[in-house]
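Throughout the sequence shown, residue numbering follows the numbering used here, covering 5 to 119 in sequence. Beta carbons are placed, not taken as given, at the ideal position from N, Cα and C, and that holds for glycine.
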Amino acid sequence: VQLQASGGGLVQAGGSLRLSCAASGRTINTFTLAWYRQAPGNEREWVARIIANGATDYAHSVKGRFTIPRDNAKRTSYLQMNSLKPEDTAVYYCNCRRGFTDDYWGQGTQVTVSS
5 VQLQASGGGL VQAGGSLRLS CAASGRTINT FTLAWYRQAP GNEREWVARI IANGATDYAH
65 SVKGRFTIPR DNAKRTSYLQ MNSLKPEDTA VYYCNCRRGF TDDYWGQGTQ VTVSS
């Protein structure tokens, strides 16, 4: 599976962005799709995930502001980010995982939130 992330950019605090992660190479219906982020000087941290049955889970820092829909027909996951804060500034990475052997990462897309 190859993942292509897009949609990052510069936005003012309080604004919104939608990231996309398009998968190619195989279908992803049975995969868990997730987003992670890494701010300068910090370790990569998990942000959100959606499992195959559509159940979602979010990091406490983004709960209520971010959502992670998926479109299996388009082989795409999204990260809808609302009410953005400067502390959301990071490189965002998408991930596609199933079991212990299928684990794929996108290249990252920069999100910068100005105060």
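- [ ] Spell out the partners DSSP gives Ala27 in its beta bridges.
- [x] Leu7
Open item on the list: What does the alpha-carbon distance come out to for the pair Asp75 and Ser81?
Closed with: 6 Å
Open item on the list: Among Ala17, Asn99 and Ser28, whose alpha-carbon lies nearest the alpha-carbon of Met85?
Closed with: Ala17
Task: Through-space distance from Val15 to Gly107, alpha-carbon basis - done: Per the sequence shown, the amino acid found at residue 107 is Asp instead of Gly. Each residue's alpha carbon lies about 30 Å from the other.
- [ ] Helix, strand or coil for Glu91, going by three-state DSSP, please let me know.
- [x] helix
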